[in-house]
Structures are given as C-alpha cells and as structure tokens.
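Novice: After the structure tokens below, expect a handful of questions from me.
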Amino acid sequence: MDQATDPDNTLIRAALHTITYDPSDRDAQRPAKRQMLDAHKPLADDLPASDFVQMMHYYRECSQVTVTVNDTSYKLPKSLVCSESTFFNKAFNSGFLETEEQKLSLTECTTETFELVVQWVYRHKLIFDIASKKEKMVDLLFDFFKLADLLGLGGPFSTVISMLKTIFIDNGALLLPKHIRIAYQLPNNYNLRKLVAEACVSKYVRFLRKGGKSKVQKEMDACEGFKMDVLEGVAGALKSMETSYNSYVVRFTCPLTGDAIDL
Numbered sequence: 001m002d003q004a005t006d007p008d009n010t011l012i013r014a015a016l017h018t019i020t021y022d023p024s025d026r027d028a029q030r031p032a033k034r035q036m037l038d039a040h041k042p043l044a045d046d047l048p049a050s051d052f053v054q055m056m057h058y059y060r061e062c063s064q065v066t067v068t069v070n071d072t073s074y075k076l077p078k079s080l081v082c083s084e085s086t087f088f089n090k091a092f093n094s095g096f097l098e099t100e101e102q103k104l105s106l107t108e109c110t111t112e113t114f115e116l117v118v119q120w121v122y123r124h125k126l127i128f129d130i131a132s133k134k135e136k137m138v139d140l141l142f143d144f145f146k147l148a149d150l151l152g153l154g155g156p157f158s159t160v161i162s163m164l165k166t167i168f169i170d171n172g173a174l175l176l177p178k179h180i181r182i183a184y185q186l187p188n189n190y191n192l193r194k195l196v197a198e199a200c201v202s203k204y205v206r207f208l209r210k211g212g213k214s215k216v217q218k219e220m221d222a223c224e225g226f227k228m229d230v231l232e233g234v235a236g237a238l239k240s241m242e243t244s245y246n247s248y249v250v251r252f253t254c255p256l257t258g259d260a261i262d263l
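Here you go:
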C-alpha cells in the first residue's frame with residue numbers, strides 16, 4: 001500500500017490510541033495543529049491481528065525519512081512521524097533542504113532520549129527496562145519532555161506524568177533543581193509544572209516550619225511561575241491543616257501523595 005491509496009493516513013490514525021479531551025488536562029487544550037490524532041481511535045495494542053499486520057505493512061511500504069542523532073541514524077515512516085510531530089512535518093514537507101533529501105540531524109538530544117520519542121510516536125507510551133535506575137529514568141523523562149516540546153509531539157502525556165508521580169511518591173529526593181528548571185522552561189506543559197510544584201509543597205512547608213536552607217526556595221526565586229504554583233499548593237495544604245495541642249503536632253495533607261504529614 002502506498003501513500004496514494006491511503007491519502008488521509010486512515011490506517012495510521014486507526015492504529016494509534018485514543019486522545020480523550022479532558023478540560024483539566026491543559027496539554028489537551030493546545031491548538032488544533034498540535035492535536036494531530038483523531039479522537040476515539042483504538043490503541044495499536046488493541047487492534048485485531050489482521051489490522052495490526054496491515055498497519056505494519058503500510059509502514060514498511062510507505063516512504064521513509066532518516067533522522068540522525070549523534071552517529072546513529074533512524075529510518076522512520078514519513079507519514080507517521082509527520083502526523084505526530086509539527087517539527088518533522090515542517091522539515092520534510094515545507095521545501096527545506098530536508099524536504100529534498102528526506103533526512104535531518106538532531107543535535108539537541110541523546111540517542112536514549114530520541115529513542116523514547118520513537119517509542120512514543122509508535123505506541124504513545126514509554127516503557128523502561130525493569131532494571132533501570134530510577135535516577136536515570138527521571139533524567140530521561142524530563143529530557144523526553146524537552147524534546148517532545150521541541151518536536152511538537154501530540155499529547156496528552158498523562159501516562160508519562162503518572163510514571164514520574166509514582167517515582168516521586170516513592171522517593172521525592174529524586175526531583176532535583178535541574179528538573180524544576182526544565183519543567184518551567186516548558187510553558188505549554190501545565191501538568192508537568194503542576195506535578196513538580198506539588199512534589200515541592202511538603203518540602204517548602206517543612207522549611208517554613210523549621211527554617212534552615214531550602215533548595216525549593218532558591219528555585220522559587222529563579223524560575224518564573226514556580227513560586228506561584230508552590231504557594232498555591234501550600235495554600236491548599238494549609239486548608240487541611242490540623243493542630244494537636246496535646247502533642248504539639250501540626251498535620252496537613254500532602255497534595256502529591258494525599259497522605260497526612262506531621263510537622
């Protein structure tokens with residue numbers, strides 16, 4: 001099957017997963033040109049075997065583009081990457097040199113990060129080796145968000161946010177200042193910024209209660225918008241505050257975990 005027999009990329013669209021509009025998901029509220037997949041289409045994982053084979057046959061038969069990252073080259077289906085990325089669509093369909101050669105080089109990322117993008121483009125999910133260290137996973141996920149923003153990938157990225165949230169609930173120390181800065185360099189990714197701010201609320205409340213040094217305070221001064229988001233989270237946490245005068249304990253609900261925290 002070639003492009004002429006499937007001008008609307010019906011197979012590609014049918015093969016990729018549903019994007020359901022959620023008013024609370026600011027990623028889902030981006031302009032239409034960034035929302036490139038039709039709603040109510042099945043996941044590739046959910047396709048019957050015959051449809052899945054037909055989809056893979058289409059990918060093999062359609063024209064390919066080459067993306068080089070460092071010294072590694074990736075041959076990818078042009079229709080797929082252009083339907084998933086505004087960056088690739090402009091590069092390969094807008095009369096640039098890349099359009100003529102059908103190849104380009106990316107210097108803004110590592111091969112590890114780009115391979116996450118490739119996985120996302122095909123499946124709209126990210127899967128790590130079970131032996132992967134959590135510290136490395138966090139770094140890669142934030143780098144993925146940076147590259148996704150650069151490439152104009154279609155979201156929403158709720159599954160990736162959930163992955164990060166699970167990691168931070170288990171070990172909040174894995175959220176580093178560099179991650180906060182990345183999140184607040186991506187103004188379109190509301191859910192990532194919200195997660196980062198929520199993960200910092202309990203740290204900041206402890207800082208207010210006990211004093212001392214706070215890395216959160218430093219980033220609040222450095223990252224535009226971060227202070228407001230953290231303070232909004234603190235205000236919400238303080239609404240749940242309880243004080244035990246017998247034990248001199250102040251208790252509030254952490255917005256990240258939903259657990260009660262004693263100070």
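Residue numbers for the sequence shown, in the numbering used here: 1 to 263. We treat Cβ as the ideally placed atom computed from N, Cα and C, and that holds for glycine.
1. Between T86, R60, F87, which has its C-alpha nearest K75's C-alpha?
2. Going residue by residue through the region 66-119, where are the continuous alpha helix (DSSP H) segments of at least 4 residues, counting only ones entirely within it?
3. Compare the beta carbon distance of V121 and V160 with 8 Å and say whether it is the shorter of the two.
4. Measuring CA to CA, which of A199, P156, N188, T166 is closest to P177?
5. Short check: CB of H179 to CB of V201, under 8 Å?
6. Express the C-alpha separation of A91 and T99 in angstroms, rounding to a whole number.
7. When you compare each of S85, E84, C254, P48 to G172 by their alpha carbons, which one comes out closest?
8. Touching or not, the region 65-72 and the region 130-150, by the rule of three or more beta carbon pairs under 8 Å?
9. If we ignore side chains and look at the alpha-carbon of each, how far apart do K227 and D170 end up?
10. Rounded C-beta distance between I167 and K134? I'm assuming under 8 Å.
11. Just curious, the alpha helix (DSSP H) that I130 is in, first and last residue?
12. Return helix, strand or coil for D262, following the three-state DSSP convention.
Specialist: Here's the rundown:
1. Mapped onto the sequence shown, residue 75 falls at position 75. Here the closest residue by C-alpha is R60.
2. 78-84, 86-93, 97-101
3. The residue given as residue 121 occupies position 121 in the sequence shown. The residue given as residue 160 occupies position 160 in the sequence shown. Cβ atoms of V121 and V160: not closer than 8 Å.
4. Here residue 177 refers to the residue found at position 177 of the sequence shown. Checked all of A199, P156, N188, T166; the closest Cα to P177 is A199.
5. Position 179 of the sequence shown, counted from the first residue, corresponds to residue 179. Position 201 of the sequence shown, counted from the first residue, corresponds to residue 201. No. Outside cutoff.
6. What you label residue 99 is simply residue 99 of the sequence shown in a count that begins at 1. What you label residue 91 is simply residue 91 of the sequence shown in a count that begins at 1. Here the alpha carbon of T99 sits roughly 6 Å from the alpha carbon of A91.
7. Against the sequence shown, residue 172 aligns to sequence position 172. It is C254 whose Cα lies nearest to the Cα of G172.
8. no
9. Taking the first residue of the sequence shown as 1, we reach residue 227 at position 227. Taking the first residue of the sequence shown as 1, we reach residue 170 at position 170. Approximately 24 Å, taken between the alpha carbons.
10. Against the sequence shown, residue 167 aligns to sequence position 167. Against the sequence shown, residue 134 aligns to sequence position 134. Indeed they touch by this definition, with Cβ atoms about 5 Å apart.
11. Residue numbering aside, residue 130 sits at position 130 when the sequence shown is read from its first letter. Counted as a single uninterrupted DSSP element, the stretch harbouring I130 is not any alpha helix (DSSP H), since DSSP gives it neither H nor E.
12. The residue you call residue 262 lines up with position 262 of the sequence shown. Here D262 sits in strand by DSSP.
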